[in-house]
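>
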Amino acid sequence: MTVFKDMGLVAQVFDESALAGLDGHLGIGHTRYSTTGSTSWANAQPAHRQVGNTSVALGHNGNLTNTAELASQLGVSEATTDSDLMAEGIAQAIDDERSDARGLEMALMKVAPSWKGAFSLVLMDQGRIVGMRDPNGFRPLCLGKLAGGGWVIASESSALDLVGAAYVREVAAGEMVVVDANGPRSYYPFEEVTPGLCLFEFVYFARPDSHLYGRSIHAARHEMGRILSEESPADADIIVPVPESGIPAAQGFSAASGIPYGDGLVKNRYVGRTFIEPTQGLRDQGIRLKLNPIPENLAGKRVVLVDDSIVRGSTTKQLVAMVREAGASEVHLRISAPPYRWPCFYGMDTSDRSTLIAASKSVEEIRQHLDADSLGYLSLEGLLGATGVADAGFCTACLSGEYPTELPATADKFQLERR
Ligand code: SF4
1 MTVFKDMGLV AQVFDESALA GLDGHLGIGH TRYSTTGSTS WANAQPAHRQ VGNTSVALGH
61 NGNLTNTAEL ASQLGVSEAT TDSDLMAEGI AQAIDDERSD ARGLEMALMK VAPSWKGAFS
121 LVLMDQGRIV GMRDPNGFRP LCLGKLAGGG WVIASESSAL DLVGAAYVRE VAAGEMVVVD
181 ANGPRSYYPF EEVTPGLCLF EFVYFARPDS HLYGRSIHAA RHEMGRILSE ESPADADIIV
241 PVPESGIPAA QGFSAASGIP YGDGLVKNRY VGRTFIEPTQ GLRDQGIRLK LNPIPENLAG
301 KRVVLVDDSI VRGSTTKQLV AMVREAGASE VHLRISAPPY RWPCFYGMDT SDRSTLIAAS
361 KSVEEIRQHL DADSLGYLSL EGLLGATGVA DAGFCTACLS GEYPTELPAT ADKFQLERR
């Protein structure tokens, strides 16, 4: 097994010469921003362990909520990330199962029930690939098939399209799919609980060309905009999206309200292409690094600005100011999700409640802070309705304060008290 990983964007790390050196019939890959552990090479994934002749690698989407407990169970004093703790738990269990040819599978059956929180995983040893979803199914995972007979497991269905694989089905919440030379087979190592896919996958995380619970993400976001226009209408001249995740909701808002849709902000397509730390001078430009206004489309207009969420509020404040500076006579902000009031412990980097603007401010106070002429959020009922699969089972914790699992021991109970 070859492990190749580095810091940066995929295209920077996997250049042609790196790819040419990766040969074989099994592989896993991983990319995401870090939500636990520092941003360092050691914490980049896949996590890897060598146990006797068995090599194991793991890629993890989500966050565990019982890392302190796991670290003490495993006798690890310097746990770097939750993902590394999972790899360590598997390695220790494989050691116990060394005589069993199905070491990785047996080890997972044994240790996975001790993991709490969010984990969609891909794993491999020298003979198989494994996909696993936690019993709540916080993060997505799906199975696809290549025309030539190979199998693919991916976070999102759009990844299957890119490699020409046909979508087969979602990996179910609590399912472990093992793919080897005989094809896939399933195990269910967890106690069954009510499924709880992250509702923010529909709002923001997932790509619009993906499907979740059988529903098109683009169509769901369009519907969010339509319902938002009914719940929070605005008297305006133009509907402007905050690119890119605000685009389908802005189109839905425009279609339902009859107010023309138009581009008012252009995304700088070159930002994010490098991992070079911006200089202070660049940082001072703030949002202008990412978005640039089109004054010709905004000047003298009453603008409805549609975005998917307001988390800390600093970016949105700059956006409103930018649209005003470009000449808009009014800026009406519409958000295609309810106020984000509670921290997420399942893979979104918002575990400090004090940084969430809606945790301590009313909608009117937020409007004043952002200097918008009006502010409207989509209701939770509206958002669930827009998914088209409201009864399929969702985590709504950051919007409702209802957490589907035990919280981590480190969660500040005082901070979590309802206002
Ligand atoms: S708390 Fe919010 S962001 Fe986190 S998993 Fe639940 S719905 Fe998603």
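Numbering (this note's numbering), first residue to last: 1 to 419. The C-beta atom is built at its ideal place from N, Cα and C for all residues, glycine as well.
In the DSSP assignment, what residue or residues form a beta bridge with Asp54?
The amino acid at residue 54 is misidentified as Asp; the sequence shows Thr. Note: Thr54 sits in a beta bridge opposite Val51.
> Considering only C-alpha positions, which residue in the set Ala154, Pro189, Asp180 is nearest to Glu170?
Ala154
> In the DSSP output, what is Met132 paired with across the bridge?
Leu121, Met176
> Indicate whether the contact test is met: 3 or more Cβ pairs, each with one atom in the segment 129–137 and one in the segment 175–191, closer than 8 Å.
Enough Cβ pairs lie closer than 8 Å, so yes.
> Can you tell me whether Val111 is helix, strand or coil according to DSSP?
Helix, per DSSP.
> Decide if the segment 38–47 is in contact with the segment 3–18; the criterion is three or more beta carbon pairs, one per stretch, under 8 Å apart.
Using a Cβ-Cβ distance cut-off of 8 Å, the segment 38–47 and the segment 3–18 are in contact, since at least three pairs of beta carbons, one from each stretch, lie closer than that value.
> Figure out for me which residue from Arg288, Val331, Ser229, Asp15 has the closest Cα to the Cα of Ile259.
Ser229
> Determine the closest residue to Gly327 out of His60, Ile294, Asp307, Leu123, with distance taken between C-alpha atoms.
Ile294
> For the ligand SF4, which residues count as neighbours when the test is a C-beta closer than 6 Å to any heavy atom?
In chain order, the qualifying residues are Phe138, Cys198, Leu199, Phe200, Cys344, Tyr346, Met348, Cys395, Thr396, Ala397, Cys398.
> Nearest to Ala321 by alpha carbon, out of Pro338, Val303, Asp308, Ala337?
Val303
> Are Met348 and Phe119 touching if we call contact CB-CB under 9 Å?
no
> In this structure, how does DSSP classify Ile239 when only helix, strand and coil are distinguished?
strand
> Spell out a yes or no on whether the segment 376–392 and the segment 188–206 are touching, meaning 3 or more CB-CB pairs, one atom from each, closer than 8 Å.
yes
> Between the segment 328–336 and the segment 360–377, are three or more C-beta pairs nearer than 8 Å?
yes
> Should Ser336 and Asp307 be called a contact, given that it needs their Cβ atoms to be closer than 9 Å?
Yes, the pair counts as a contact, with Cβ atoms nearer than the cut-off.
> Use the C-beta contact count for Ala173: other C-beta atoms within 10 angstroms, 16 or more gives buried, fewer gives exposed.
buried
> For Asn182, report the span of its beta strand (DSSP E) as first-last.
Taken as a continuous stretch (DSSP letters only), Asn182 belongs to no beta strand (DSSP E), as it is neither H nor E.
> Can the beta-carbon of Pro248 be found closer than 9 Å to that of Met224?
yes
> With DSSP collapsed to three states, give me the class of His211.
strand
> Of the choices Ser362, Lys361, Pro343, whose alpha-carbon is the least far from that of Arg353?
Cα-wise, what sits closest to Arg353 is Pro343.
> Can you grab the Cα-Cα spacing for the pair Glu402 / Glu296, in whole Å?
Here the C-alpha atom of Glu402 lies approximately 45 Å from the C-alpha atom of Glu296.
> Where DSSP assigns a beta bridge to Glu170, which residues make up the other side?
Cys142
> Under a Cβ-count criterion, where at least 16 other Cβ atoms within 10 Å of its own Cβ denotes burial, should Ile276 be classed as buried or exposed?
Low confidence applies to Ile276: its pLDDT is 49, below 50, so where it sits in the model is not reliable, and the reading given next is rough at best. It counts as exposed.
> To the nearest angstrom, how far is it from the Cα of Ala20 to the Cα of Val13?
13 Å
> Would you list the one or two residues that DSSP bridges to Ile28?
Ile28 pairs with nothing; no bridge assigned.
> With distances taken Cα to Cα, identify the nearest neighbour of Arg269 among Gly262, Leu291, Tyr261.
When the alpha-carbon of Arg269 is set against those of Gly262, Leu291, Tyr261, the nearest one is in Leu291.
> Which value, in whole angstroms, describes the spacing of the CA atoms of Ala299 and Ile357?
29 Å
> Tell me the rounded alpha-carbon separation between Val10 and Asp235.
44 Å
> Could you name the residues of the same chain whose beta carbon sits closer than 6 Å to that of Tyr187, not counting the 5 residues immediately before and after it, in chain order?
Met176
> Quick check on Asn63: buried or exposed, where buried means 16 or more other Cβ atoms within 10 Å of its Cβ?
buried
> Alpha carbon to alpha carbon, how far is Thr396 from Ser210? Give it in angstroms, no decimals.
Their backbone Cα atoms lie some 20 Å apart in a straight line.
> Along the beta strand (DSSP E) that carries Lys267, what are the first and last residues, could you check?
265–267
> Pull up the DSSP beta-bridge partners for Val10, would you.
For Val10, which the question treats as bridged, DSSP gives no partner whatsoever.
> Over what stretch of residues does the alpha helix (DSSP H) that includes Asn43 continue unbroken?
No alpha helix (DSSP H) holds Asn43; DSSP gives it neither H nor E.
> In the DSSP assignment, find the beta strand (DSSP E) that holds Gly376 and state where it starts and stops.
Looking at the DSSP string, the run of the beta strand (DSSP E) that includes Gly376 is 374–377.
> Rounding to the nearest angstrom, what Cα-Cα distance links Phe345 and Pro408 in this structure?
8 Å
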